[in-house]
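Sequential numbering from 30 applies to the sequence shown in the working numbering.
Heads up, the beta-carbon is just placed ideally off N, CA and C, and yes, glycines get one too.
See structure below.
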Amino acid sequence: MSLVRDKTAKDEAWVREFLRERWGGVVMAVHGEAIDASLCPALVAGAREGLAAYRMLSDEEAELVSLNAVTPGRGIGTALINALAARCSQRGAKRIWVTTTNANLRGLRFYQCRGFRLMRLRPGAVDEARRIKLSIPLVSDEGIPIRDELDLCRDVNFKSAIHALWHHRLGRSPSQ
Numbered sequence: 030m031s032l033v034r035d036k037t038a039k040d041e042a043w044v045r046e047f048l049r050e051r052w053g054g055v056v057m058a059v060h061g062e063a064i065d066a067s068l069c070p071a072l073v074a075g076a077r078e079g080l081a082a083y084r085m086l087s088d089e090e091a092e093l094v095s096l097n098a099v100t101p102g103r104g105i106g107t108a109l110i111n112a113l114a115a116r117c118s119q120r121g122a123k124r125i126w127v128t129t130t131n132a133n134l135r136g137l138r139f140y141q142c143r144g145f146r147l148m149r150l151r152p153g154a155v156d157e158a159r160r161i162k163l164s165i166p167l168v169s170d171e172g173i174p175i176r177d178e179l180d181l182c183r184d185v186n187f188k189s190a191i192h193a194l195w196h197h198r199l200g201r202s203p204s205q
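Right, dumping it as structure tokens:
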């Protein structure tokens with residue numbers, strides 16, 4: 030995969046179609062709010078291999094609104110997360126938030142392995158989100174009822190546990 034870059038005007042149509050294919054539309058229902066992810070700032074991986082739409086919540090916090098890779102398991106999502114963290118750090122932001130559901134087991138694993146920590150559980154929040162976005166399924170592909178939102182947060186300067194362990198074994202501090 031090549032570099033991660035900012036979304037440009039030439040990407041607009043692709044972004045809308047990409048979101049429709051993966052989410053059934055451009056609107057994300059999070060925290061009881063409808064967010065048009067196609068209008069958010071975004072990062073594009075490689076030759077349109079992945080997309081990370083985000084918004085700044087404040088000077089110190091960003092929220093990842095949508096993260097998708099064309100082909101999962103190739104490091105595209107990780108590259109997008111790392112690029113977003115770098116951009117946030119350059120702007121002086123300290124944290125990145127993401128919200129997912131109780132049924133997104135793969136996503137929960139992915140985010141936690143990349144330094145995100147569970148911060149909040151909102152029981153029944155997805156039931157409320159269906160009032161905004163009717164296309165949200167009731168049950169996941171694994172048969173799990175989709176009911177609750179979980180908020181995860183990561184420090185933009187997070188270094189992975191593997192990175193820290195590797196440096197520990199070499200007798201260096203992770204900051205070296």
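Linking G53 to L113 through their CA atoms gives a straight-line distance of about 24 angstroms.
Ranked by how close their Cα comes to the Cα of V127, the residues P101, Y83 and V168 have Y83 in first place. Distances from the alpha-carbon of V59 to those of T37, R149, A115 and T129 put T129 closest. Within the same chain, Y83, M85, C117, A122 and I125 come within 6 angstroms of A91 by CB-CB distance, once the 5 residues on both sides are set aside. Around L179, the same chain offers T128, T129, T130, N131, L137, L147, R149, L150 and R151 as residues with beta carbons nearer than 8 angstroms, after the five sequence neighbours per side are excluded. Ranked by Cα distance from A71, the options L80, V55 and D65 are led by L80. Nearest to K162 by alpha-carbon distance, out of P174, R143 and M57, is M57. It is roughly 11 angstroms from the alpha-carbon of A66 to the alpha-carbon of E41.
When the alpha-carbon of N133 is set against those of K188, R103 and P174, the nearest one is in P174.
DSSP places V155 in the uninterrupted alpha helix (DSSP H) bounded by A154 to A158.
The three-state reading of DSSP puts L80 in strand, counting E and B together. Residue nearest to P101 within the set E62, R135 and A38 is R135 (criterion: CA-CA distance).
By alpha-carbon distance to A76, the top candidate from V55, G61 and V44 is V44. In this structure, V33 is the residue among F47, C182 and V33 with its C-alpha nearest to the C-alpha of A74.
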